[in-house]
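One structure below.
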Amino acid sequence: MEKDILFEISDIKKSYKITKQNTLNVLKGINLKVYKGEIAAIVGKSGAGKSTLLHILGTLDRPDSGQFIFEGNDVFSFSDKQLAEFRAKEIGFIFQFHHLLPEFSAIENVQIASMISGNKDKKNAHRILKEVGLEERENHKPSELSGGEAQRVAIARALINSPRIILADEPTGNLDTENAESVIDLIFELRKKFNQTYLIVTHNEEFAQRCDRIIKISDGKITDS
Ligand SMILES: Nc1ncnc2c1ncn2[C@@H]1O[C@H](COP(=O)(O)OP(=O)(O)OP(=O)(O)O)[C@@H](O)[C@H]1O
Ligand SMILES: [Mg+2]
């Protein structure tokens, strides 16, 4: 069966100027096609450039050169304002640490994310918290949630605007085995229901093996995908 491409990046390069004389080349020409509805793991040693790549795909950072074509749109030709709109509409983020706002309840944390796209609908936040199995915890603040529960709220927050791609940077990195497993199961369940596309940086070998595909990054290049 022919797979539909969601986006394609070509020859993405990124370097950081360390001193006047020294530049660190982090991404050295990344080419990748990502297909609709897939869950792909990104693996590689510490310092290989995984988070840097995720930041660029998340349009949180621009590369030095290279193209990002998302459903026919040349993303890096967008103005900063267009880029912010694109990001809010199309991209969901899940990080290693949940980064929930401590003063707000679970449901408020999810609602705040939905405000960015002009939708404050509490019903929607309630529905998505139910999807992640937390309807009974929606009035808890982050300090009143377990690590696994907090990460589920973060997943609900990532999904609230129905993004087409979810970028996760070590989403189970801070969880014990049991909670990690339940977060992994949840991601697969959600994909089944909503057919979203996930790119997940992980050091969890078992998680990577369960994904549809493993993308290996070594020294700023993709060595296998
Ligand atoms: N803002 C920055 N300025 C300078 N160097 C940076 C910057 N961000 C990242 N780097 C360097 O770029 C390289 C790649 O970093 P990156 O965070 O992408 O690695 P990673 O593959 O995610 O590693 P890990 O598995 O440890 O999270 C590292 O050597 C890092 O020190
Ligand atoms: Mg990283």
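Our numbering puts the first residue of the sequence shown at 228, with every later residue one more than the last.
Backbone N, C-alpha and C fix where the C-beta goes; we use that ideal spot for every residue, glycine too.
On a predicted model such as this, the values are computed, not experimentally measured, just so you know.
Excluding its 5 nearest sequence neighbours in each direction, residue 243 has C-beta neighbours in its own chain below 8 Å: 250, 251 and 253, listed in chain order. Inside the region 310-381, DSSP marks whole beta strand (DSSP E) runs of 3 or more residues at positions 318-321, from first to last along the chain. Contact between the region 346-365 and the region 400-408 is not established, with fewer than three Cβ pairs separated by less than 8 Å. DSSP, read as helix, strand or coil, puts residue 392 in strand.
Of 255, 310 and 304, the smallest CA-CA separation from residue 287 is found for 310. DSSP links residue 411 through a beta bridge to no other residue. Judged by their CB atoms, residue 434 and residue 399 are nearer to each other than the 9 Å cut-off.
By the 16-neighbour rule on beta-carbons within 10 angstroms, residue 284 is buried. Counting only residues of its own chain and dropping the five nearest sequence neighbours on each side, residue 374 has a CB closer than 7 Å to the CB of 401, 402 and 406.
In the DSSP assignment, residue 303 falls outside any beta strand (DSSP E) and carries neither an H nor an E. Annotation for residue 237 indicates a beta carbon at 8 Å or more from all heavy atoms of ligand 1. Between the alpha carbons of residue 388 and residue 272 lies a distance of about 32 Å. Residue 281 counts as buried, since at least 16 other C-beta atoms from the protein chains shown sit within 10 angstroms of its C-beta. DSSP places residue 263 outside any alpha helix (DSSP H), giving it a letter other than H or E.
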